[in-house]
Amino acid sequence: MTKDRTVIRHTFSVLTDNEPGVAARIIGLFSGRGYNIDSMTVAEVDPEKNLSRFTIVTTGTEMVLEQIRHQLERLVSSRAVKDLTAEGPHLERELALIKVKGEGAKRIEALRLADVFRARVVDSTLESFVFEVTGSTEKVNAFISLMKDLGIVEVARTGVAAMSRGAKGM
Amino acid sequence: MSTETTMNGAQLLLRALGDQGVDTVFGYPGGAVLPIYDELFKQNSIRHILVRQEGGAVHAAEGYARSTGKVGCVLVTSGPGATNAVTGLTDALMDSIPIVCLTGQVPTHLIGNDAFQEADTTGITRPCTKHNYLVKSVADVSRIVHEAFYVAKSGRPGPVVIDLPKDVLFAQGPYTPPPPAGKEHKNYRPRLKGDLRAIEEAVALMAKAKKPLFYCGGGVINSGPRAVQLLTEFVKLTGFPITLTLMGLGAYPASDRQFLGMLGMHGLYEANWAMHDCDVMIAIGARFDDRVTGKLDAFSPGSKKIHVDIDPSSINKNVRVDLAIVGDCGHVLEDMIKVWKARQAQPDKKALAEWWRKIGEWRARDCLKYKSSKELIKPQYALERLYHHIKDKDFYITTEVGQHQMWAAQFLKFEKPNHWMTSGGLGTMGYGLPAAMGVQIAHPEALVIDVAGEASILMNIQEMSTIAQYRLPVKAFILNNEYMGMVRQWQELLHGGRYAESYMDSLPDFVKLAEAFGAVGLRAEKPGDVDGLIQEMIKVKRPVIADVRVDKAENCFPMIPSGKAHYEMILGDEAAKTGEQKVSEDGMVLV
Numbered sequence: 000m001t002k003d004r005t006v007i008r009h010t011f012s013v014l015t016d017n018e019p020g021v022a023a024r025i026i027g028l029f030s031g032r033g034y035n036i037d038s039m040t041v042a043e044v045d046p047e048k049n050l051s052r053f054t055i056v057t058t059g060t061e062m063v064l065e066q067i068r069h070q071l072e073r074l075v076s077s078r079a080v081k082d083l084t085a086e087g088p089h090l091e092r093e094l095a096l097i098k099v100k101g102e103g104a105k106r107i108e109a110l111r112l113a114d115v116f117r118a119r120v121v122d123s124t125l126e127s128f129v130f131e132v133t134g135s136t137e138k139v140n141a142f143i144s145l146m147k148d149l150g151i152v153e154v155a156r157t158g159v160a161a162m163s164r165g166a167k168g169m
Numbered sequence: 000m001s002t003e004t005t006m007n008g009a010q011l012l013l014r015a016l017g018d019q020g021v022d023t024v025f026g027y028p029g030g031a032v033l034p035i036y037d038e039l040f041k042q043n044s045i046r047h048i049l050v051r052q053e054g055g056a057v058h059a060a061e062g063y064a065r066s067t068g069k070v071g072c073v074l075v076t077s078g079p080g081a082t083n084a085v086t087g088l089t090d091a092l093m094d095s096i097p098i099v100c101l102t103g104q105v106p107t108h109l110i111g112n113d114a115f116q117e118a119d120t121t122g123i124t125r126p127c128t129k130h131n132y133l134v135k136s137v138a139d140v141s142r143i144v145h146e147a148f149y150v151a152k153s154g155r156p157g158p159v160v161i162d163l164p165k166d167v168l169f170a171q172g173p174y175t176p177p178p179p180a181g182k183e184h185k186n187y188r189p190r191l192k193g194d195l196r197a198i199e200e201a202v203a204l205m206a207k208a209k210k211p212l213f214y215c216g217g218g219v220i221n222s223g224p225r226a227v228q229l230l231t232e233f234v235k236l237t238g239f240p241i242t243l244t245l246m247g248l249g250a251y252p253a254s255d256r257q258f259l260g261m262l263g264m265h266g267l268y269e270a271n272w273a274m275h276d277c278d279v280m281i282a283i284g285a286r287f288d289d290r291v292t293g294k295l296d297a298f299s300p301g302s303k304k305i306h307v308d309i310d311p312s313s314i315n316k317n318v319r320v321d322l323a324i325v326g327d328c329g330h331v332l333e334d335m336i337k338v339w340k341a342r343q344a345q346p347d348k349k350a351l352a353e354w355w356r357k358i359g360e361w362r363a364r365d366c367l368k369y370k371s372s373k374e375l376i377k378p379q380y381a382l383e384r385l386y387h388h389i390k391d392k393d394f395y396i397t398t399e400v401g402q403h404q405m406w407a408a409q410f411l412k413f414e415k416p417n418h419w420m421t422s423g424g425l426g427t428m429g430y431g432l433p434a435a436m437g438v439q440i441a442h443p444e445a446l447v448i449d450v451a452g453e454a455s456i457l458m459n460i461q462e463m464s465t466i467a468q469y470r471l472p473v474k475a476f477i478l479n480n481e482y483m484g485m486v487r488q489w490q491e492l493l494h495g496g497r498y499a500e501s502y503m504d505s506l507p508d509f510v511k512l513a514e515a516f517g518a519v520g521l522r523a524e525k526p527g528d529v530d531g532l533i534q535e536m537i538k539v540k541r542p543v544i545a546d547v548r549v550d551k552a553e554n555c556f557p558m559i560p561s562g563k564a565h566y567e568m569i570l571g572d573e574a575a576k577t578g579e580q581k582v583s584e585d586g587m588v589l590v
């Protein structure tokens, strides 16, 4: 039997009823079955229809990813599940806040790099900045790794929000 | 939708249960559910069966559900009442049994305060239920009950918990009747009809098969009597052999020549070899459990696999299949038969005859053969005699878990579905006695037997008291070998005969125990006693504990040791010749 054991990264969108315990159901499903969660974000997206939307980034073999989709679909609280990676081109964005402390040349270099990455300064003191950067996970990673040498104090990231390109919705 | 009159939460609950057709509830009272018990007291349409421990209530409801095809209903209190129910809920989840379990909860304003008998019931039961609810408003009570029954029985069935805070039970609210037939649930709509193109493709594969095999499971039984009928019709129409899983026994008449018996770890030689050698496998309502497949990469290596299941997550979970059909077994079988007939499909007669010849050879190996004894009661002999005496009666069998369970699956024959209740997926010792109780409640006139081991039955022996109270003529047929037999067997075969803690010391005198519970106690110590014991057990219209003292050293064969392939099956006579079996390190770590 040929089984593809290569581990790949996929992004899922899950539309659910906005009710207590849904996040616990999804997290429990992943931990109980030994699946990975690289990142998970959730918020209410439609108060009238009472809908929440989860974006889950996960890794697994093709068989595991198929299982994840079916397991998510099986939840009574779930309205729709999309494997964005499998279904075509899609957008992924996350936001990070990065606090950098430094003086002199380092401080100027941090500001210059922030400009290159289109990061905004959202807080500053005489010895620190807080940058807000938005973009793909790779872009955020790149910015953070550059800031490491320039006096990074702390990082807060939202995790990925994602949707498909084009006119069609979920 | 709501009616003018309001009722309190407990009344709303009972009315909703009534509208869902509930006639029996298995339960145990406690502080948080007193308002419900108060309302139960005032009515006569729902019968409450008082168990002796909440775990027994869930297994009883499972027995009730499996033998009737209806949803089993359980009522327990908050805290320990709910936590005691967890094993039964997990059992029902693994074996896809529809259960609605009502749990009491502390009043909403006390939730989270570590109140007396408070437990996070929805948190604890989330992974062991199909779905669960915490009812926060009395206005939701009846709607949630209706939805819970829908969820429990639709698609792949399973247990659902409704957690009811005490203040909600006292509050006044309106009643919502069940949604009209045809109104769909907003999210949960399992697919019933299979994809017709896939079905056509499946039939084309089957028609070309030279060594085909049906492999069917509990899903066929869960789909209902119509699916079972259609399966029999289709198997007959094709002339193909069929094997059933432990959960599927009864889905095809056991006495028919086309039935190869159960497959899997303790399955029949012919069934496992047919599975290994087949070229087209038609899996219907079965989930490729590890007890069935053995070593995965040696599992039926040459076959094209067709898999019909209502639960998409059961497909391609353990074994990659070539053709997946998501749908209800009954619906898909109906379409398969239609397509088969429309195509006037003619299987390759010559190849099929050759396949049956091969199967005949495997059958001739007579894998259930055992060494009979004049001194010791062989457990297999006891079951053969049991079957001889009950086969013409309307009998229902439940089991506990272990050697006796596997022997029962091998030696008792089921012609009809819903007559065999055993804990398959979870393997819950202590399942059989309360399950038998639930079956007997649903079928008061039937002969209900719990084939048990002396170790398992002690796990829920308190239910003898319930059995006595309701005068249920349940028979506990104990194959007593004074060991946890399956544990001992594994220790013999895999751990050098070091019988760590598997010896059942200080067993009760089961005859006296029966008498203490107001039941009849019987004992057999020699093969010559067995027939008399069984006849007496059947004759008395009272609960019986039959203590059958069997050979302590007998092992259950055939056996595929864990981590091995179907072709590495050990047979009883071979094992006797070669002594200890070598199992690889890889196999040792598996259960």
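From first to last, the protein sequence lines stand for chains A and F. All residue numbers for the first sequence refer to numbering that gives the first Met the number 0, where the first residue is 0 and numbers rise by one. All residue numbers for the second sequence refer to numbering that gives the first Met the number 0, where the first residue is 0 and numbers rise by one. From the three backbone atoms N, C-alpha and C, an ideal C-beta is built for every residue, glycine too.
Our two residues, residue 501 of chain F and residue 484 of chain F, have alpha carbons roughly 8 angstroms apart in a direct line. Cβ-Cβ separation between residue 285 of chain F and residue 215 of chain F: approximately 6 angstroms, consistent with a contact (criterion under 8 angstroms). Proximity of chain A to residue 121 of chain F at the Cβ level (cut-off 8 angstroms) is accounted for by 20, in chain order. Exposed is the label assigned to residue 31 of chain A, since fewer than 16 other Cβ atoms lie within 10 Å of its Cβ. In this structure, the CA atom of residue 158 of chain F is about 19 angstroms from the CA atom of residue 190 of chain F. Across the structure, residue 7 of chain A and residue 59 of chain A are spaced so that their CA atoms are roughly 6 angstroms apart.
In the same chain as residue 224 of chain F, and ignoring 5 residues on each side of it, no C-beta atom comes closer than 6 angstroms to its own. Within the region 144-161 of chain F, 150 place their CB atoms closer than 7 angstroms to a CB of chain A, listed in sequence order. Taking 7 angstroms as the Cβ-Cβ cut-off, the region 190-219 of chain F has no residue approaching chain A.
Taking 9 angstroms as the cut-off, the Cβ atoms of residue 398 of chain F and residue 431 of chain F count as close.
Among the residues facing chain A, residue 542 of chain F is not included, as its CB has no counterpart in that chain under 9 angstroms away. Taking residue 15 of chain F as reference, the option from F:96, F:342, F:141 with the minimal CA-CA separation is F:141. At a Cβ-Cβ threshold of 9 angstroms, residue 453 of chain F and residue 546 of chain F count as neighbours. Residue-level contact by beta carbon holds for residue 130 of chain F and chain A, with a gap shorter than 9 angstroms.
Look at the beta carbons and you see the region 70-82 of chain F not touching the region 126-140 of chain F: under three pairs across the two are nearer than 8 angstroms.
Taking C-beta separations shorter than 6 angstroms and ignoring five residues to either side along the sequence, the partners of residue 272 of chain F in its chain run 361, following chain order. Nearest Cα to residue 313 of chain F within the set A:78, A:72, A:9, A:88: A:72.
Contact annotation for residue 31 of chain A against chain F: 126 [CB-CB distance below 8 angstroms, chain order]. Three or more Cβ pairs closer than 8 angstroms define a contact, and the region 140-155 of chain F falls short of that threshold against the region 109-117 of chain F. Straight-line spacing of the CA atoms in residue 60 of chain F and residue 396 of chain F works out to 15 angstroms. Rounded to the nearest angstrom, the Cβ distance from residue 171 of chain F to residue 7 of chain F is 6 angstroms, consistent with a contact under 8 angstroms. Annotated three-state conformation of residue 172 of chain F is strand, per DSSP. Residue 217 of chain F is not a Cβ neighbour of residue 495 of chain F, given a cutoff of 9 angstroms. Contact between residue 142 of chain A and residue 132 of chain A holds, with the beta-carbon distance rounding to 5 angstroms and staying under 8 angstroms.
Note: residue 145 of chain F is not bridge-paired with any residue in the DSSP secondary-structure output. If you check the CB distance, residue 133 of chain F and residue 46 of chain A do not come in under 9 angstroms. In the three-state DSSP reduction, residue 474 of chain F falls in the strand class (E or B).
Beyond the five residues adjoining it in sequence on each side, residue 195 of chain F comes within less than 7 angstroms, by CB distance, of 334 in the same chain, given in chain order. Contact between residue 162 of chain A and residue 51 of chain A does not hold, since their C-beta atoms are separated by about 15 angstroms, which reaches or exceeds 8 angstroms. In this structure residue 320 of chain F is not in contact with residue 311 of chain F, their Cβ atoms being roughly 12 angstroms apart against a cut-off of 8 angstroms. Taking C-beta atoms as the reference points, residue 120 of chain F and residue 425 of chain F fail to come closer than 9 angstroms. Secondary structure at residue 493 of chain F: helix, using DSSP grouped into helix, strand and coil. Not flagged as an interface residue toward chain A: residue 142 of chain F, since no C-beta distance is shorter than 9 angstroms. Take the alpha-carbon of residue 283 of chain F and the one of residue 550 of chain F: they are about 38 angstroms apart.
Its chain contains 397, 431, 432, 435, 475 as the residues whose beta carbon lies nearer than 6 angstroms to that of residue 449 of chain F, once the 5 sequence neighbours on both sides are disregarded; these appear in chain order.
When the beta-carbon positions are compared, residue 93 of chain A and residue 24 of chain A stay at least 9 angstroms from each other.
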